[in-house]
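Chemist: Residues in the sequence shown are numbered from 25 upward in steps of one, following the numbering used here.
Even glycine gets a Cβ: it sits at the ideal position worked out from N, Cα and C.
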Amino acid sequence: MPRRLVITKPGSPSVLDVIEMPMPQAGKGEVCIEVHFAGINFADTLMRLGLYQPRPPFPFTPGYEVSGIIHSLGEGVTEFEVGQRVVAASQTGGQASHIIAQISRVIPLPDEMSLEKAAAMPVTYMTAHHMLHHLGNLKPTDTVLIHGGAGGVGTAALQLCQWAGVSKVWATASGHKADIIKQYSGIPIDRHKEDFVEIVKRETGGRGVDHILDPIGGENLKRSLKVLAMGGKLYSFGMSAAAPTSKRSLLKAYFAWRKTQSLTIEDDVTQSRSIWCPHGDME
Numbered sequence: 025m026p027r028r029l030v031i032t033k034p035g036s037p038s039v040l041d042v043i044e045m046p047m048p049q050a051g052k053g054e055v056c057i058e059v060h061f062a063g064i065n066f067a068d069t070l071m072r073l074g075l076y077q078p079r080p081p082f083p084f085t086p087g088y089e090v091s092g093i094i095h096s097l098g099e100g101v102t103e104f105e106v107g108q109r110v111v112a113a114s115q116t117g118g119q120a121s122h123i124i125a126q127i128s129r130v131i132p133l134p135d136e137m138s139l140e141k142a143a144a145m146p147v148t149y150m151t152a153h154h155m156l157h158h159l160g161n162l163k164p165t166d167t168v169l170i171h172g173g174a175g176g177v178g179t180a181a182l183q184l185c186q187w188a189g190v191s192k193v194w195a196t197a198s199g200h201k202a203d204i205i206k207q208y209s210g211i212p213i214d215r216h217k218e219d220f221v222e223i224v225k226r227e228t229g230g231r232g233v234d235h236i237l238d239p240i241g242g243e244n245l246k247r248s249l250k251v252l253a254m255g256g257k258l259y260s261f262g263m264s265a266a267a268p269t270s271k272r273s274l275l276k277a278y279f280a281w282r283k284t285q286s287l288t289i290e291d292d293v294t295q296s297r298s299i300w301c302p303h304g305d306m307e
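(1) Where does residue 170 land, buried or exposed, given buried means 16+ other C-beta within 10 angstroms?
(2) Please work out which residues of its chain come closer than 6 Å, Cβ to Cβ, to residue 22, disregarding the five sequence neighbours upstream and downstream, and give them in chain order.
(3) Counting only the same chain and skipping the five closest in sequence on each side, list residues whose C-beta sits under 7 Å from that of residue 255.
(4) Can you name, in chain order, every residue of its own chain whose Cβ lies under 8 Å from the Cβ of residue 37, other than the five neighbours on each side?
(5) Can you tell me the Cα-Cα spacing of residue 93 and residue 119, whole angstroms?
(6) Quick one: complete beta strand (DSSP E) runs, 3+ long, within the stretch 97 to 133?
(7) Is it a yes or a no for the stretch 48 to 57 touching the stretch 117 to 133, going by three-plus beta-carbon pairs under 8 Å?
(8) Return helix, strand or coil for residue 44, following the three-state DSSP convention.
(9) Ends of the alpha helix (DSSP H) at residue 263?
(10) Helix, strand or coil: how does DSSP classify residue 268 here?
(11) Could you pull out every residue in the same chain whose Cβ sits closer than 6 Å to the Cβ of residue 193, ignoring the five residues on either side in sequence?
(12) Identify whether residue 163 lies in helix, strand or coil by the three-state DSSP scheme.
(13) Nearest by alpha-carbon distance to residue 109: which of 81, 139, 182, 259 is it?
(14) Relative to the alpha-carbon of residue 30, which residue among 158, 251, 69 has its alpha-carbon at the smallest distance?
(15) Which partner residues does residue 209 have in the DSSP bridge list?
(16) Determine the direct distance from the alpha carbon of residue 60 to that of residue 41, and round the result to whole angstroms.
(17) Is residue 137 helix, strand or coil when you go by DSSP?
(18) Rounded to whole angstroms, how far is the Cβ of residue 34 from the Cβ of residue 74, which I believe are closer than 8 Å?
(19) Can we count residue 216 as close to the ligand PLP, meaning its CB is less than 8 Å from some heavy atom?
(20) In three-state DSSP terms, what is residue 190?
(21) Along the chain, where does the alpha helix (DSSP H) containing residue 27 start, and where does it finish?
(22) Return the chain-ordered list of same chain residues with a C-beta closer than 7 Å to the C-beta of residue 25, the five sequence neighbours on each side being excluded.
(23) In this structure, what does DSSP give as the bridge partners for residue 177?
(24) With respect to the beta strand (DSSP E) encompassing residue 18, which residues constitute its N-terminal and C-terminal limits?
(25) Give every residue of the same chain whose Cβ lies closer than 6 Å to the Cβ of residue 202, excluding the five residues on either side of it in the sequence, and list them in chain order.
(26) Which runs of the beta strand (DSSP E), 3 residues or longer, sit entirely within the stretch 218 to 248?
(27) Could you check what DSSP says for residue 254 in three-state terms: helix, strand or coil?
(28) Thinking residue 261 and residue 151 are a contact (beta carbons under 8 Å), I'd like their distance in whole angstroms, please.
(29) Quick one: is residue 179 buried, meaning 16 or more other Cβ sit within 10 Å of its Cβ, or exposed?
(30) Residue 14 and residue 90 look like a contact to me (Cβ under 8 Å); what is the Cβ gap, rounded to whole Å?
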């Protein structure tokens, strides 16, 4: 019997439940995927705590990304076949035994990529690719600062910089994670013992960097502006340091702005298809 994970209400892991469900039926332009692996992201944890927006009303099934095999095809689907290995991006619902996905959100997997690794890629690599390539037009001569460089998006961004031939990439992380950053040719900065502003200013001759990726927000985002080169780009893709405040909410302002934009998951899937081509090991 198909099953799915459900967040029943905001709270600790005790609010999670596994329930049975009917076998989902793929509609026109959709496929049903038998899920072998589902990614768990920081956003899923925030959703469980009731701190993430946007999210569906409780109860709901979390899960942004899955890998598995095609279980059945909906009407008009000719791009895929039953039994084919795929990865898919979803807004929610991925943490289940089966999921329905629009074919525009599904990507066939190359033979050399395992289902286990593939399930951990859509959120991290597509986010990093969207920032650095779609928004940033990354060039080999650019310089980059990545906050949280040993995290999921951070290591994905390091690899994308490496593949693009970028040689000057600084990344902040806890000191014991320095080897992870060095593995992808990054220059580690110990976020607990070193001042990234001082180091980047010194190493760039005061110029700053062309791209800054920040998943932290708050004071870290503010200080990052001190090392952003003229004409550079700062990408804020998370707010792990955010706290309730009486001041104007940047998050609310962002979602008000987002309503005027046309970026969708389908756009990200289409624009980042190159990450699924062989580039060597993806860890």
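Modeler: With the structure as the only source:
(1) buried
(2) One cannot answer for residue 22 here, as it falls past the ends of the chain, which runs 25 to 307.
(3) none
(4) 72
(5) 15 Å
(6) 109 to 113, 122 to 126, 130 to 132
(7) yes
(8) strand
(9) Note, residue 263: premise wrong, no alpha helix (DSSP H); not H, not E.
(10) Only weak support exists for where residue 268 lies, its pLDDT of 48 falling under 50; the value from the coordinates is given anyway. Coil.
(11) 168, 185, 210
(12) coil
(13) 139
(14) 69
(15) Answer by DSSP bridge pairing: none, since residue 209 is not bridged.
(16) 19 Å
(17) coil
(18) 3 Å
(19) For the ligand PLP, the structure offers nothing, since it holds no ligand at all.
(20) coil
(21) It is not in any alpha helix (DSSP H) - residue 27 instead sits in the beta strand (DSSP E) that spans 27 to 31.
(22) 44
(23) Partner(s): none; residue 177 has no beta bridge.
(24) Outside the displayed range of the chain (25 to 307) lies residue 18, so it cannot be described from this structure.
(25) 212
(26) 233 to 238
(27) strand
(28) 6 Å
(29) buried
(30) Since the first residue of the chain shown is 25 and the last is 307, residue 14 is not available in this structure.
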